[in-house]
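One structure below.
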Amino acid sequence: KKVLYEEKASYLYNNGLQKVRVGKLKYIGEPEPPDQIPAGTLVRVSLSRWIEFPPYPEACWLMLSGWYGAL
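Numbering of the sequence shown is given in my numbering, commencing with residue 31 and proceeding in unit increments.
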């Protein structure tokens, strides 16, 4: 399900198990994102550059960068 987070498209997802927290993937692709990406759709993900926020260790973020097939 598409949501806006900091004025940018993000997608909420879960794996169908009630005990698993819903996650969020920021969308960074070019075409206008659909309102929903059906379960089973092959998606492309990217990692951001590594960044450090002392005193915390380096980190990077997983982002949704596209999908394959017609939606």
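Ideal Cβ positions, reconstructed from N, Cα and C, are used throughout, including at glycine.
- Membership of S78 in any beta strand (DSSP E) is not indicated, and neither H nor E is assigned to it by DSSP.
- By the CB criterion at 8 Å, R74 and S95 fall inside the cutoff.
- Our two residues, I58 and M93, have alpha carbons roughly 7 Å apart in a direct line.
- For G96, the enclosing beta strand (DSSP E) begins and ends at L92 to W97.
- The Cβ atoms of T71 and W91 do not sit closer than 8 Å to each other.
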